[in-house]
Every structure is written in C-alpha cells, then in structure tokens.
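Enquirer:
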Amino acid sequence: QKEVEQNSGPLSVPEGAIASLNCTYSDRGSQSFFWYRQYSGKSPELIMSIYSNGDKEDGRFTAQLNKASQYVSLLIRDSQPSDSATYLCAVKDDKIIFGKGTRLHILP
Amino acid sequence: SQTIHQWPATLVQPVGSPLSLECTVEGTSNPNLYWYRQAAGRGLQLLFYSVGIGQISSEVPQNLSASRPQDRQFILSSKKLLLSDSGFYLCAWSVTGVEQFFGPGTRLTVL
C-alpha cells in the first residue's frame, strides 16, 4: 500500500516567519512530487512541482526533495495570513497519491 | 488558457436517488481526466480516470460509474446514492499525465 504521510496540524506560524511543511512517502519508485494549497471549501491548487533532489524556489515558496530519505518539504517565507490553508503533498509514480494535508494557520 | 468547469456546485440528494455530475475542460485537446472524492477527514481518493473518449479506468469498486462521451467532457453517475457517497467531488485534468489541475468541485450531501 503506497502511502503519503503528513502531520495534520494545525501548524501555527507568526506572520512574517517561515512556515515549514513536511511529507514522507513510502514508494521508492516515485518520480514526481507536488504541493497543493486548499483553502477551506475550495478545490486544491497546484503551487509547486519538484522532480529531482534538492531545492526548487518560486517566489516565497521553496520545495525540497530528498529521495534517499523519501522526504519532501515546503517552506513558505515571509508568511502571510493569506497563506492560511491546508497544504496537500502528492507523490506520483504510475498514479498520484495524496496525503491528507497539513492545516497551516498564520497568526497576524 | 485552460479552464475546467464543474456543475452543479452543490447538491443535496436523498438516499437511493440517482446522480449525475458533469465536468468540462476548455482550451486543450485530448486531456487525461480524473474524478476524485474528498470526504471529511479523509484524503483525496481517485475514483476514475480517462485517457480518451470512451476509455474509463475504475480505481475503487463502488456504486459509481463514469463516462466520457466527448473529448473534453467527463461525467460521474450513480443509479442509487448511499449515505457514504457524501463528499466533495473534484474533476481534474492533465495534458502531460504528470501535473494535475482541479476544477472547482461539487459538494454532495446525501440525506
């Protein structure tokens, strides 16, 4: 059974600080890794994709991948109240498997 | 640019009633299409996916079915709804088969 694990949270971070979201996965054959943001009552929105070990930066977001440790993370710099949402980690080999998400709350 | 539509946005149905949810994609040709369900407290569950007209793969055995009558249209159906069918139904599309993009979703409540 392929699994993607995330801490459900809530993770509370002060405004302006760095939010760090983590994800582990079980399938060593996974090749593609994604982070989705889901606001309450809305559908998930793809915010980052990463395919090779290391860091990938896009604006305030940095995705980090370590395939040897089967670990993916998302860093959000200069956290804003608008970043408050549930963040879903997703991992793909032949199919995409989603984690249950981490609720992030940015404290004003 | 690509746009994905789902309707209705919300739906309240009695147990045993039929269901039809529709998803359409604009701005792309021959996309892969997917139906997911997100139930309260649970992760996204892939229900069906399609790589072309009339081609449907089922991931979870249940009382739901899917059809793809046109290239950019994907329909989720049921003949008799169960209480356990309540949830947030999401249609997604992909051109590369890697990144998936979600529609706005349909929130279904079965009473």
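Chains as they are written, first to last, in the working numbering: chain A, 116 to 223; chain B, 801 to 911. No residue lacks a Cβ here, since even glycine has one placed at the ideal position from N, Cα and C.
1. Examine chain A for any beta-carbon lying closer than 8 Å to the beta-carbon of B/F848, and answer yes or no.
2. Indicate whether the contact test is met: 3 or more Cβ pairs, each with one atom in the segment 148-159 of chain A and one in the segment 198-209 of chain A, closer than 8 Å.
3. To the nearest angstrom, report how far apart B/L847 and A/A132 are at their CA atoms.
4. Answer with buried or exposed for B/G887, where buried requires no fewer than 16 other C-beta atoms within 10 angstroms of its C-beta.
5. Just checking, does the segment 869-878 of chain B make contact with the segment 809-828 of chain B on the three C-beta pairs under 8 Å criterion?
6. Compare the C-alpha of B/T896 against each of B/S829, B/P818 and B/W807 and name the closest.
7. Counting only Cβ-Cβ distances shorter than 9 Å, please list the residues of the segment 844-874 of chain B near chain A, keeping chain order.
8. Give me the chain B residues within the contact set of A/F224, using Cβ-Cβ distance strictly less than 7 Å, ordered along the chain.
9. I'd like to know whether the C-beta of A/S188 is nearer than 8 Å to at least one C-beta of chain B.
10. Using the C-alpha atoms, what's the distance from A/I211 back to A/N168?
11. Short of 8 Å Cβ to Cβ, which residues in the segment 158-174 of chain A face chain B?
12. Grab me the residues of B/I804's own chain with a C-beta within less than 6 Å of its C-beta, minus the 5 sequence neighbours each way, in chain order.
13. Along chain A, in chain order, which residues have C-beta atoms closer than 8 Å to that of B/V895?
14. Of all Cβ atoms in chain B, is any one closer than 8 Å to the Cβ of A/K207?
15. For A/M163, collect the residues of the same chain with a Cβ closer than 8 Å to its Cβ; drop the 5 residues on either side in sequence, then sort them by chain order.
16. State the beta-bridge partners of B/A840 as determined by DSSP.
17. Considering just the uninterrupted stretch of the beta strand (DSSP E) at A/R218, what are its terminal residues?
Expert: Per the coordinate set shown:
1. In the second sequence, residue 848 of chain B corresponds to position 48, counting from 1. No Cβ of chain A is located within less than 8 Å of the beta carbon of B/F848.
2. Result yes; three or more Cβ-Cβ pairs closer than 8 Å.
3. Looking up residue 847 of chain B in the second sequence gives position 47. Looking up residue 132 of chain A in the first sequence gives position 17. Linking B/L847 to A/A132 through their CA atoms gives a straight-line distance of about 38 Å.
4. As a position in the second sequence, residue 887 of chain B is number 87, starting the count at 1. B/G887 is buried by the Cβ-count criterion.
5. A contact exists between the segment 869-878 of chain B and the segment 809-828 of chain B.
6. Taking the second sequence and counting its residues from 1, the one referred to as residue 896 of chain B is at position 96. Among B/S829, B/P818 and B/W807, the Cα nearest to that of B/T896 is on B/S829.
7. Residues L844, Q845, L846, Y849 and E859.
8. Given a span of 116 to 223 for chain A in the structure shown, any question on residue 224 of chain A remains unanswerable.
9. Within the first sequence, residue 188 of chain A is the residue found at index 73, counting from 1. Contact of A/S188 with chain B is not assigned, every C-beta pair being separated by 8 Å or more.
10. Within the first sequence, the letter at position 53 stands for residue 168 of chain A. Within the first sequence, the letter at position 96 stands for residue 211 of chain A. Looking at the two C-alpha atoms, the distance is approximately 19 Å.
11. The residues in question are S158, P159, E160, L161 and S164.
12. Indexing the second sequence from 1 puts residue 804 of chain B at position 4. V825, W893 and G903, listed in sequence order.
13. If you number the second sequence from 1, residue 895 of chain B lands on position 95. Neighbours of B/V895 in chain A, taken as residues whose beta carbon is under 8 Å from its own, are absent, since the nearest beta carbon is some 13 Å off.
14. Along the first sequence, one-based indexing puts residue 207 of chain A at 92. Yes, A/K207 lies at the interface with chain B (some Cβ there is under 8 Å from its Cβ).
15. Numbered from 1 along the first sequence, position 48 holds the residue referred to as residue 163 of chain A. Same-chain partners within the cutoff: F149, W150, K171, D173, F176, A178 and L189.
16. The residue labelled residue 840 of chain B in the question sits at position 40 within the second sequence. None; B/A840 has no bridge partner.
17. By 1-based counting over the first sequence, the position of residue 218 of chain A is 103. The continuous beta strand (DSSP E) containing A/R218 extends over residues T217 to L222.
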